[in-house]
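Here's the structure, in structure tokens; my notes come after.
Protein chains: 2
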Amino acid sequence: MNKSIILTVFLVISFNFCFTQNKLLTLEELNGSNAYKFYPEYVRITKDLPQLQWKTTTDVFTYLKNDILYESYCKKGEDKQILDLLTFNKNLVKAGRAEVKRFPVINWKTDNSFWYIESSQIIVYDVKKGSFSTITSNHADYENADIEPNSLAVAFTEENNLYITIGNEEKIAVTKDNDKNIVNGHTVSRHEFNTNKGTFWSPKGNFLAFYRKDESQVADYPVIDISKVPAIVNQIKYPMAGGKSEFLSIGIFDIKTRQTIFLKTGGNNDQYLTNPCWSPDEKYFFISVLNRDQNQLKLNQYDASTGDFIKTILEEKSPKYVEPENTPIFFKTKPNEFLWFSEKNGYKHLYRYTLDGELIEQVTDGKSDVISFLSFDQTEQFAYYIAVDEDYPLQQSIYSINLNTKEIVKLSTSDGTHEAMMSPTRKFILDLYSSNKAPHEIQLIDATGLVIKKVYSALNPLQEYKIAEISVGTLQADDNTELYYRLIKPLNFDPSKKYPVIVYVYGGPHAQMISNVWLYGASMWQMFMAQQGFVIFTLDNRGSANRGIKFEQAIFRNLSAVEIKDQMVGIEYLKSLPFVDTERIGVHGWSYGGFMTTALMLKQPETFKVGIAGAPVIDWSMYEVMYGERYMDTPNDNPEGYKNANLMNFAANLKGKLLLIHGTSDDTVVLQHTLKFIQECNNNNIQVDYYQYPGHSHAVRGKSRLHLDTKMYNYFKENL
Amino acid sequence: MNKSIILTVFLVISFNFCFTQNKLLTLEELNGSNAYKFYPEYVRITKDLPQLQWKTTTDVFTYLKNDILYESYCKKGEDKQILDLLTFNKNLVKAGRAEVKRFPVINWKTDNSFWYIESSQIIVYDVKKGSFSTITSNHADYENADIEPNSLAVAFTEENNLYITIGNEEKIAVTKDNDKNIVNGHTVSRHEFNTNKGTFWSPKGNFLAFYRKDESQVADYPVIDISKVPAIVNQIKYPMAGGKSEFLSIGIFDIKTRQTIFLKTGGNNDQYLTNPCWSPDEKYFFISVLNRDQNQLKLNQYDASTGDFIKTILEEKSPKYVEPENTPIFFKTKPNEFLWFSEKNGYKHLYRYTLDGELIEQVTDGKSDVISFLSFDQTEQFAYYIAVDEDYPLQQSIYSINLNTKEIVKLSTSDGTHEAMMSPTRKFILDLYSSNKAPHEIQLIDATGLVIKKVYSALNPLQEYKIAEISVGTLQADDNTELYYRLIKPLNFDPSKKYPVIVYVYGGPHAQMISNVWLYGASMWQMFMAQQGFVIFTLDNRGSANRGIKFEQAIFRNLSAVEIKDQMVGIEYLKSLPFVDTERIGVHGWSYGGFMTTALMLKQPETFKVGIAGAPVIDWSMYEVMYGERYMDTPNDNPEGYKNANLMNFAANLKGKLLLIHGTSDDTVVLQHTLKFIQECNNNNIQVDYYQYPGHSHAVRGKSRLHLDTKMYNYFKENL
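Chains as they are written, first to last, in my numbering: chain A, 63 to 782; chain B, 63 to 782.
Quick look at the structure:
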């Protein structure tokens with residue numbers, strides 16, 4: 063056995079359900095109208111506990127249940143009904159409004175009133191008085207709506223321009239660009255760098271900052287829409303690695319004067335303006351400016367009234383890449399100080415800086431990432447945050463740190479992966495978590511971690527089913543890095559038999575397949591396949607998330623190389639297991655996992671008999687600038703890396719059965735990837751299978767998902 | 063056994079090769095660089111006998127062999143070398159021209175000189191003098207080049223405009239349309255109605271008539287080209303049944319005055335102007351004007367100098383459709399008379415009319431189609447033509463008719479399917495034919511049918527191979543129509559065994575799959591599959607060619623209905639054969655045959671276990687106006703017919719394994735057909751397979767063909 067894969071199983075967790083029944087999963091029910099029940103983490107958007115949220119000033123949280131709105135207090139005791147649908151509808155009719163069939167999505171505006179959107183109007187309902195007020199008159203669809211929480215003014219886009227509507231006023235055109243290549247108020251940088259919106263209200267609502275994206279230079283990619291006859295083409299802007307990219311600027315619209323100024327960001331046109339952010343007093347605006355090479359970041363301060371550049375507060379460089387995903391976090395009590403996320407010491411941690419760029423201190427430390435900042439307490443002596451547990455990187459907990467003493471307290475005491483919703487006064491926390499033992503739990507804790515009460519405990523959705531056994535362990539990479547794997551044994555496992563294996567792989571950055579959540583993160587399709595007699599195996603190779611920057615950056619400039627090395631450590635382990643049929647190993651993944659699947663089929667052809675690659679990247683030079691250049695630089699700068707990762711160049715190695723699958727409207731990994739790959743196969747008599755999902759983009763959802771799950775099942779069943 | 067399929071085998075021809083060797087076909091050699099040897103009918107474009115042609119005035123024909131140009135005389139005796147490549151190159155160098163690696167494609171201009179195109183120049187070579195003259199100076203590519211045989215003036219197109227170059231003059235712009243929707247000098251009506259070119263020189267070369275096509279109203283269809291990165295879209299004009307179509311007119315350009323007039327065709331914009339044609343004296347121009355409904359044809363005469371409409375000479379109507387595919391054929395000796403093709407009595411025959419529209423007489427008659435008119439003799443007492451043999455509709459012979467006595471002589475005496483090349487004086491005929499017994503034969507006969515000499519006899523390309531037995535027979539349709547079938551037994555046939563069957567189907571108009579040519583028309587892929595142990599069966603159902611108009615029009619307005627009925631007669635026959643495994647029947651076809659394959663899989667799901675449908679029409683409302691409306695009328699006029707033929711509506715019936723295959727650049731059956739079909743399958747969990755050939759249009763050729771043949775072989779092997 064290869065030295066590099068000597069097994070150091072220090073942790074194998076396995077569990078069995080006490081199954082009371084013998085049901086088997088079917089793909090029909092996993093994709094049917096009741097499928098949500100298999101996904102206990104969706105509790106807040108399903109009928110179990112929708113619209114769980116805190117009120118605005120008092121520590122009371124509310125939720126819906128059976129069309130009744132409840133409020134719950136931060137102490138033991140019964141929750142109180144505060145509104146039922148009947149009463150709500152009665153009051154609607156009284157106010158001359160139409161009845162509703164179900165509760166709208168509500169947002170607390172004060173502790174006694176909430177707003178909601180109905181027929182493109184923003185309506186406020188006073189729960190005590192039972193009365194309504196209309197905040198905005200009837201406008202068009204609020205595309206990219208961003209609602210200012212105090213005034214309820216709405217910033218929204220129509221096509222490429224940005225508008226605001228305030229109260230009953232006519233909509234105000236913030237921008238009036240005729241050129242469709244100039245896009246205002248939309249997200250930018252293809253969702254990288256934490257950009258998921260294009261508008262940013264100032265803290266007091268007096269200004270609206272917005273992205274302006276000039277795509278004139280960006281190439282079009284044609285996406286065919288067959289819903290029309292004849293088919294039509296939608297040209298999307300798709301900047302490919304090394305090609306011309308979008309040019310960004312940030313405008314600030316003054317609600318009073320209705321004038322816009324633009325920040326004087328200077329620099330190269332194709333730099334990234336990331337993590338835009340207001341100072342609490344609305345006087346300054348901050349941008350994390352990243353160069354196109356993504357190896358130099360400047361936190362810049364601008365005058366929000368003139369757009370003038372004031373100074374670069376701090377700068378970070380890396381020989382590989384810097385990845386800004388957080389704004390500075392300002393103290394209210396110390397206006398000259400802020401917390402700052404940095405990965406510079408190897409893990410993502412919080413640092414404390416002055417606005418003059420002076421590093422006061424490193425706040426958090428250790429060999430695990432801080433995932434997100436939650437809040438300060440009201441005195442700003444404590445900070446609350448979510449971090450990866452240093453002793454068990456598969457789970458994340460809620461922590462507090464005393465900023466004076468640096469004392470850290472793990473507030474969430476249960477094993478598992480935790481999220482948190484902090485109460486208005488920051489004295490309480492809704493602790494939401496999932497673990498291998500608990501499908502989904504919600505409890506109320508106080509800011510010291512004391513459990514006040516259980517709020518919700520999801521039923522085991524599989525309690526009536528026979529369920530395969532899942533275990534998690536670690537293996538050692540060639541440089542002794544610990545690699546986590548998950549192994550699902552086939553149902554009715556018989557150690558004397560030989561079973562086929564399906565390796566489910568993702569393998570790319572920003573994702574961790576194995577974590578201490580329900581089923582250790584295994585999908586229901588994987589559980590189904592285990593019931594059908596397959597061993598299901600997954601390993602998080604170097605490059606994946608939550609293991610620190612060295613672990614992630616191991617793949618830099620040479621995608622697939624280290625990932626495959628690590629995956630092969632998993633394969634060697636599988637081959638060492640007496641119940642694995644080493645001649646029947648398959649592999650499956652989607653997106654980066656599709657790339658990995660195809661790469662494994664082509665670069666390890668002796669190992670893998672069957673592969674299913676969904677929406678795979680085939681050639682990184684056809685992938686987008688922002689993500690692609692971070693990990694690969696440009697094709698000009700890194701020709702060897704691009705060549706080695708271009709799977710077209712390895713098509714001739716194919717020995718096993720490979721099925722490529724792609725949504726024809728994929729605007730993330732464009733269809734050209736698989737089309738070019740099969741063209742290469744066609745021209746060289748390399749037999750490969752291919753399937754498309756017309757009209758679907760990067761994921762196949764909805765009615766076609768059952769088809770996809772069935773197709774994949776059949777393909778492994780028939781060929782593996 | 064069903065009454066309708068009672069067997070009336072009146073003709074079963076079978077043959078065996080005396081195989082001297084035991085070679086088996088491989089798909090590699092059938093698609094390799096020497097694959098032409100399996101296609102003996104390509105003799106004139108392969109190295110066997112390229113460029114076979116008559117001289118211009120004397121009855122001498124020439125051909126190339128091993129880079130030597132030979133001439134051959136209409137008597138027994140040796141052929142004479144008249145030019146070898148060495149001499150030609152020596153003379154080229156002498157004339158200051160570059161040597162050539164192989165003989166150019168030559169065209170006799172006089173009996174002693176030929177012209178050819180080299181580097182976009184038209185060059186004349188005098189064989190006696192060994193001298194060259196350049197007719198045109200260097201111009202751009204002669205797209206759609208049409209060369210006037212006397213002056214060697216070239217009409218050609220550049221994008222949407224028409225040009226002429228005469229001698230060394232600068233090119234003359236015949237049209238100057240800026241609007242790309244106006245297309246001049248190109249073919250029209252999507253190649254229907256015998257339109258394969260867009261320019262028509264007058265008999266003496268003084269005028270050039272040309273099509274002008276206004277496509278402003280025709281919808282675009284987007285075809286993706288992945289050879290560029292990012293992919294680009296080519297918008298093609300694609301008129302779909304019932305939709306807006308192209309508008310045609312015909313211009314006449316006067317070479318002397320350089321003025322253009324347009325024919326005053328009147329009528330509806332979307333009528334078809336078919337079979338344009340000059341009177342021998344250049345004074346008149348004739349068009350077969352067909353209404354969009356394609357059920358009323360007018361042969362119209364126009365004044366070629368003014369464009370004025372003179373008269374409608376004759377008119378033909380049909381309750382189904384009229385399909386004009388021939389111009390009038392004028393007598394030189396009787397300027398007021400012409401021959402005319404019509405299917406009005408049930409078969410395509412020649413009629414004699416006066417220019418005043420008076421029917422003088424029906425010339426040919428009988429229950430078989432005249433396929434093509436060859437020529438008159440010099441006195442115009444005889445006409446020569448190719449016709450289907452009335453007693454055996456699988457073959458076509460060369461006939462002469464004495465126009466006075468109506469005596470018909472079959473000039474080609476050998477069994478088989480004949481083509482003919484008539485000598486300059488019409489006294490001799492090169493008779494080219496193929497039959498089940500002869501791969502390809504060429505002999506010289508005289509105008510009475512007397513064989514002068516053998517010119518060429520192709521070797522049996524399969525003489526070294528073990529070859530499966532082919533037989534042909536007839537079955538009876540439900541209305542007693544005789545249906546021809548071809549049956550290929552598996553190699554090493556053992557009557558006591560059960561074999562799987564592949565039905566190869568086309569089934570649409572304008573094609574006859576079974577004819578008395580080499581292998582009875584079976585493809586080499588079919589012969590390969592028979593070697594692999596499959597029975598290969600093909601039946602020409604009603605709707606197919608060369609059986610008269612009633613046979614063809616049986617499918618009118620209800621495509622797939624009668625075709626399936628007839629195909630099922632074949633299936634019942636197969637099931638009656640003791641060696642057929644009735645549980646293992648597959649079907650395969652391309653284009654209309656892809657439509658038929660899909661229709662058979664969906665409408666006879668109990669019969670067919672496996673199907674491979676190439677480039678299938680799925681919904682005739684997405685097929686082109688000209689072909690589609692002929693057989694189906696418009697979707698508005700024939701909603702039931704379109705519904706019954708729309709295979710989307712039957713997708714849920716699928717039981718067997720169905721593989722759809724499509725070239726992504728298909729501009730005949732657009733990709734939307736298969737995309738919409740699989741989308742229907744995806745949304746309803748109907749498992750179907752799909753494959754694409756990026757960059758290929760309606761046929762898959764070139765390097766990818768081996769891949770396709772292999773994929774189809776594998777699919778049947780693995781699933782049938």
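Beta carbons: idealized from backbone N, C-alpha and C, even for Gly.
Computed from a predicted model, the values in this text were never measured in an experiment.
Burial state of residue i (16 or more Cβ within 10 Å)
i	result
A/Ala-714	exposed
A/Leu-621	buried
B/Thr-510	exposed
Residue i - partner residues in DSSP beta bridges
i	result
B/Gly-305	Paired residues: none, contrary to the question.
B/Ile-375	Per DSSP, none; premise fails for B/Ile-375.
A/Gly-673	A/Val-649 and A/Leu-720
A/Leu-361	A/Ser-350 and A/Leu-376
A/Glu-180	A/Gln-183
B/Glu-133	B/Thr-124 and B/Lys-142
A/Arg-414	A/Leu-401 and A/Glu-423
A/Asp-508	A/Phe-490
B/Leu-733	Looking at the DSSP assignment, B/Leu-733 forms no beta bridge with any residue, so it has no partner.
Inter-residue spacing [alpha-carbon to alpha-carbon] between residue i and residue j
i	j	result
A/Ser-175	A/Ile-647	58 Å
B/Ala-160	B/Asn-151	8 Å
B/Leu-782	A/Gly-725	29 Å
B/Gly-305	B/Asn-353	15 Å
B/Asp-728	B/Asp-287	11 Å
B/Ile-168	B/Lys-429	41 Å
B/Glu-625	B/Met-684	20 Å
A/Ala-482	A/Val-189	27 Å
B/Ile-67	B/Asn-542	For B/Ile-67, the pLDDT reaches just 36, beneath the cut-off of 50, and the residue's location in the model is therefore unreliable, although a value from the coordinates is still provided. So the alpha carbons of these two residues sit roughly 9 Å apart.
B/His-480	B/Ile-185	34 Å
A/Pro-397	A/Trp-170	29 Å
B/Asn-744	B/Ser-437	57 Å
B/Glu-91	B/Asp-332	48 Å
B/Thr-696	B/Asn-268	41 Å
B/Gln-588	B/Tyr-561	15 Å
Proximity below 7 Å, CB of residue i to CB of residue j
i	j	result
B/Pro-338	B/Phe-435	no
A/Arg-414	A/Glu-405	no
A/Glu-210	A/Lys-266	no
B/Thr-227	B/Thr-198	yes
A/Tyr-334	A/Asn-357	no
A/Thr-659	A/Val-649	yes
A/Gln-113	A/Ile-130	no
A/Val-731	A/Val-687	no
Nearest residue (CA-CA) to residue i, options the options
i	options	result
B/Tyr-566	B/Leu-549, B/Ser-462 and B/Lys-373	B/Leu-549
B/Asp-751	A/Asn-745, A/Leu-737 and A/Leu-721	A/Leu-721
A/Ile-748	B/Val-732, B/Asn-776 and B/Ser-759	B/Asn-776
A/Asp-241	A/Glu-277, A/Ala-235 and A/Thr-249	A/Glu-277
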